[in-house]
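Asks: Numbering (the working numbering), first residue to last: 1 to 164. Where a beta carbon is used, it is the ideal one built from N, C-alpha and C, also for glycine.
(1) Is residue 100 closer than 8 angstroms to residue 68 when the C-beta atoms are compared?
(2) Mark residue 152 as exposed unless 16 or more other C-beta atoms lie within 10 angstroms of its C-beta, in which case mark it buried.
(3) Taking residue 85 as part of the alpha helix (DSSP H), name the residues at either end of that continuous run.
(4) Within the chosen definition, does the segment 40–50 reach the segment 13–32 through at least 3 CB pairs nearer than 8 angstroms?
(5) Can you have a look at residue 79 and say buried or exposed, based on whether 16 or more other CB atoms are within 10 angstroms of its CB?
(6) Are residue 114 and residue 27 closer than 8 angstroms when you measure CB to CB?
(7) How far does the beta strand (DSSP E) with residue 65 in it reach, from first residue to last?
(8) In whole angstroms, what separates the C-alpha of residue 89 from that of residue 155?
(9) Under the three-state reduction of DSSP, which class applies to residue 33: helix, strand or coil?
(10) Along the chain, where does the alpha helix (DSSP H) containing residue 25 start, and where does it finish?
(11) If you count every other CB in all the chains shown that lies within 10 Å of the CB of residue 2, and 16 or more means buried, which is it?
(12) From residue 139 to residue 8, what distance separates their C-alpha atoms?
(13) When you compare each of 35, 5, 25, 4 to residue 11 by their alpha carbons, which one comes out closest?
(14) Residue 6 lies in the beta strand (DSSP E); which residues open and close that run?
(15) For residue 29, does the count of other Cβ atoms within 10 angstroms reach 16, so buried, or fall short, so exposed?
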């Protein structure tokens, strides 16, 4: 069964990662949620990262704000795909978090989604996993069909409203 780790630098980030959890459920992907700080619990971040593959994880999502080093620290210790979710912070409207995650040094890649973009992080994780799990690929195709159908229907409804 596919399994994703959802890490947060702080418990207060849970409301930000909730959409990721809902998307992982939608695609029937098992997950584990942990609070691990790159700065306050660096040993725990290292230990988790080094054992993630052995513990059955295939993708790791990392939500962090401000300095937002969690994704980079995790990526330094694992060869698993790491997807960062920059968290909106009050000081710089999340730009600090975004820049901290996208400006990784060569050899330590961290995929990064939009500020507070947890849903897209989970969908990206599902797309990565769909390479190995055909059932996820089928669910992703159905999901994209639903999105397309909604836009097509919205277009029809709007044009009916405008032409009446």
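Replies: This is what the structure holds:
(1) yes
(2) exposed
(3) Careful: residue 85 lies outside any alpha helix (DSSP H), inside the beta strand (DSSP E) at 82–87.
(4) no
(5) exposed
(6) no
(7) 59–65
(8) 36 angstroms
(9) strand
(10) 14–26
(11) buried
(12) 27 angstroms
(13) 35
(14) 3–8
(15) buried
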